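Working notes, beginning with the structure itself.
2 protein chains.
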Amino acid sequence: MTLILSNEEVERALGMGDCIAMGEEAYKALGLGKAATGVRGEILSPTGRDDALHSLLTMAGVVPGFGIGAVRINSDILTWPKTAHGLTREKVPAAPGGRYVGLVLLFSTETGEPLAIYPDGIVQRMRVGAACGLAAKYLAREDARTAAILGAGWQAGGQAMAMSCVRGITAIRCFSPTPAKRDAFAREWSEKLAIEVAAAPSLQEAVAGADIVACATNSMEPVLPPELVEPGMHVSSVKRLELPPETVARADVVFTHVKGAESRITRVEGADLSRETDAAKDRMTSAIRQGDMPTLPDLLLGRTPGRTGADQITMFLNYAGLGFQFAATGAIIIEKARSLGLGREIPTDWLTSALPS
Amino acid sequence: MTLILSNEEVERALGMGDCIAMGEEAYKALGLGKAATGVRGEILSPTGRDDALHSLLTMAGVVPGFGIGAVRINSDILTWPKTAHGLTREKVPAAPGGRYVGLVLLFSTETGEPLAIYPDGIVQRMRVGAACGLAAKYLAREDARTAAILGAGWQAGGQAMAMSCVRGITAIRCFSPTPAKRDAFAREWSEKLAIEVAAAPSLQEAVAGADIVACATNSMEPVLPPELVEPGMHVSSVKRLELPPETVARADVVFTHVKGAESRITRVEGADLSRETDAAKDRMTSAIRQGDMPTLPDLLLGRTPGRTGADQITMFLNYAGLGFQFAATGAIIIEKARSLGLGREIPTDWLTSALPS
């Protein structure tokens, strides 16, 4: 039987602590060549709407040690609205019922069979959060107690969970340019984490004195200017345009996510809306010389030293999602879902074939 | 609702005539930049078996004119057995019930929603056959009546259907080194096509005097030596190693499938079994200068002339599967399946999410 899980079931199966522990093992395997992440392919095409493109994004990864291969597919309607706070990239929930479309499919590396299918909503932020959490575990000061979170959306919540998992965080300050959003974030995460989570009235007030600054916005423009970065801080970022080169230049120690994870964008004629921001991302990658930076596996395997002094500024650039993260989290999800009896089952025969293909 | 179709249902929905007609439109769209095929990514990893690798292969394509994006995923256990007739690549049906794992997922380019999921067994050979059929429609002599088919497996059947669709074929001769296989092929396709299909006792007897020679084997070694190619023949091939460079050199007119369809292989450490054949394929691509050849879209759009004389030898090299073929065939399958009431439905909500991802 093949499991079909909902986001709610994935949430029950995948805790941040497990996710970080499994991630630690999986990133080490990746660094040792014992796991792999494939090329990330995106096809952009016009839609019936002048302001939107369809994006069909696929990524895959395999962790043979866990016996799991994963494919993640996103089929998104994308827009790039200009807001009062700059350009942002927004997914439109255009599927029936006002829903988003992102799927993870898990396969056995021993039999090939499809093991599970579930939406990617929960796991998407857990794996982003876990990677930032892992980096913070190795890079932030041991005595880090306060975290600033820039952004108040879905990914920002993942950062709150992850940073609280790896350090004894007692206070979080959230800044988002929209007061209602940062207030809602503070309410939600005060309750969930049972620590002090406050909405900061300004970027400066969020960041000043923080031990960890986690950028988790959907902004296409810089959010953390260099002058706000203080000695001893650990800074992480999940979007390529959040940190300007001047901010990255302030780091004493900087790690990027992984190397060699190729990405290819293919455009149908007329799918030009994202050209400007895609080019800006490429320029940023060059400007900060991201290709020369050591990676998270280098850090975990001790190939490149992390923080060596309390006053150093450390940074982690968590750019580009990896298929292999979905295999690593998938190993936890399927085991827990089975042991808890979660999900619906459909006959595996529906998804396999007596015919060679 | 999202449709789940079986191979049998896909077979009822997808006729070769429709497939070739839709392919003609879709390849023209591709040539005009109005459709796209994405990068093809494969991850190879070791399994518990010394003689087998796991392959996780993904390809995607979009035909916005049909409103369809498709992702095809194969999760295969692969072996490369040495037989008396040379090296072959064989998929092991290791999923429960002795089954193969290849899936197609269709998405709407307007709403993003998952429209259908089905195994790729039927469509896989229909799209290979249809591309060869289309090329033959434009390249074979109008008066072509006899076809030789080299190979007697699954793909060989697709060639029999396709060639019969585009020319008034009255006789087919099948050669495979295994007598039982070619005999079974002759019986099956005599009945299905209601024309004379014979098992040829030798390669020479199959090919001599044929108007069309369709190579559709799983051989990793050359199957058609140059001296067997006669003036006026149209030759097609579906596997990169079937035609040696000397055979390709005999063509007066040669077309390749498409250009610019990138392919990336990523290997987990120890996944080396296929290195030799993958390198041989790359050498073949260089040796025949495949990158310089005109493409099927060039042929259909009249950008490059096809056959201009009855004595010319024409060839079509149908190498590398394309994600976009699954979008084009998907458009037919979903329309026919809906109108015939085929398949099972699962709630689209199972595969979508209220959460952004």
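The listed protein sequences correspond, in order, to chains A and B.
By this note's numbering, the letter at position 160 of the first sequence is numbered 1324, and the numbering carries on one by one without gaps.
By this note's numbering, the letter at position 201 of the second sequence is numbered 1365, and the numbering carries on one by one without gaps.
Where a beta carbon is used, it is the ideal one built from N, C-alpha and C, also for glycine.
It should be emphasised that the depicted structure is a prediction, and the values quoted were computed from it without experimental measurement.
CB contact below 9 angstroms: residue 1178 of chain A versus chain B
no
Residues of its chain near residue 1259 of chain A, where Cβ-Cβ distance is below 8 angstroms and the 5 sequence neighbours each way are ignored:
1265
The beta strand (DSSP E) that contains residue 1223 of chain A, what's its start and end?
1217 to 1227
Contact defined as beta carbons within less than 8 angstroms: I believe residue 1429 of chain B pairs with residue 1200 of chain A. What is the distance between those atoms, to the nearest angstrom?
Their Cβ separation, rounded to whole angstroms, is 10 angstroms, which puts residue 1429 of chain B and residue 1200 of chain A out of contact at 8 angstroms.
Own chain partners of residue 1507 of chain B with C-beta closer than 7 angstroms, once the 5 adjacent residues on each side are dropped:
1167, 1168, 1169, 1173 and 1501
Are the C-beta of residue 1269 of chain B and some C-beta of chain A separated by less than 9 angstroms?
yes
List the endpoints of the continuous alpha helix (DSSP H) containing residue 1240 of chain B.
Careful: residue 1240 of chain B lies outside any alpha helix (DSSP H), inside the beta strand (DSSP E) at 1232 to 1243.
Would you list, in chain order, the members of the stretch 1349 to 1360 of chain A that have their beta-carbon closer than 7 angstroms to a beta-carbon of chain B?
none
Helix or strand or just coil, what does DSSP make of residue 1189 of chain A?
helix
Proximal residues to residue 1364 of chain A (C-beta, below 6 angstroms), its chain only, five neighbours per side dropped:
1337, 1339 and 1370
Helix, strand or coil for residue 1195 of chain B? Go by DSSP, reduced to three states.
helix
If residue 1489 of chain A and residue 1291 of chain A are in contact, beta carbons under 8 angstroms, what's the gap, nearest whole angstrom?
4 angstroms
Could you please tell me which residues of the stretch 1232 to 1266 of chain A, in chain order, have their CB closer than 7 angstroms to any CB of chain D?
In the structure shown, chain D does not exist; the protein chains are A and B.
With a cut-off of 8 angstroms on the beta carbons, I'd call residue 1227 of chain A and residue 1280 of chain A a contact; round off their distance for me.
About 15 angstroms separates the two Cβ atoms, so there is no contact after all.
Using a Cβ-Cβ cut-off of less than 7 angstroms, give me the residues of the stretch 1305 to 1330 of chain B that come near chain A, in sequence order.
1318
What residue does the beta strand (DSSP E) around residue 1254 of chain B start on, and which one ends it?
1254 to 1256
Go to residue 1376 of chain A, then tell me how far its beta strand (DSSP E) extends in each direction, as first and last residue.
1376 to 1379
Who does residue 1269 of chain B pair with in a DSSP beta bridge?
B:1235 and B:1281
Residue 1220 of chain B vs residue 1224 of chain A beta-carbon contact at 9 angstroms:
yes
When the cut-off is 9 angstroms and only beta carbons count, does residue 1462 of chain A lie next to chain B?
no
Where the stretch 1502 to 1513 of chain A meets chain B: residues whose CB sits under 8 angstroms from a CB there
1508, 1510, 1512 and 1513
What is the rounded straight-line gap between the Cα of residue 1445 of chain A and the Cα of residue 1464 of chain A?
27 angstroms
Alpha carbon to alpha carbon, what distance is there between residue 1187 of chain A and residue 1269 of chain A?
18 angstroms
Helix, strand or coil at residue 1525 of chain B [DSSP, three-state]:
Coverage of chain B is limited to positions 1165 through 1521, which leaves residue 1525 of chain B absent and any answer about it impossible.
Interface flag, residue 1445 of chain A vs chain B, CB-CB below 9 angstroms:
no
Within 9 angstroms of any Cβ in chain B, is that where the Cβ of residue 1222 of chain A sits?
yes
Identity of the residue in B:1342, B:1325 and B:1307 nearest residue 1316 of chain B by Cα
B:1342
Touching by the beta-carbon criterion (3+ pairs, under 8 angstroms), the stretch 1352 to 1363 of chain A and the stretch 1405 to 1424 of chain A
no
Spatial neighbours of residue 1380 of chain B within its chain, please: CB distance less than 6 angstroms, with the 5 preceding and 5 following residues excluded, ordered by chain position.
1315, 1319, 1320, 1323 and 1402
Closer than 9 angstroms, CB to CB, is residue 1286 of chain B near chain A or not?
yes
So, at 6 angstroms on beta carbons, what are the nonlocal neighbours of residue 1480 of chain A in its own chain, with the 5 sequence-adjacent residues on each side left out?
1299, 1400 and 1419
I believe residue 1326 of chain B touches residue 1276 of chain B by the beta-carbon criterion, under 8 angstroms. Please report the beta-carbon distance rounded to the nearest angstrom.
Not really, about 33 angstroms apart at Cβ, beyond 8 angstroms.
Can you name the residues of chain B whose CB is closer than 9 angstroms to the CB of residue 1277 of chain A?
1239, 1258, 1259, 1260, 1263 and 1265
To which residues of the same chain is residue 1237 of chain B closer than 6 angstroms at the C-beta, ignoring the five residues directly before and after it?
1222 and 1267
Rounded straight-line distance, which links the Cα of residue 1416 of chain B to that of residue 1128 of chain B:
Missing from the structure shown is residue 1128 of chain B; chain B here goes from 1165 to 1521 and no further.
Between A:1374, A:1434 and A:1483, which has its C-alpha nearest residue 1424 of chain A's C-alpha?
A:1483
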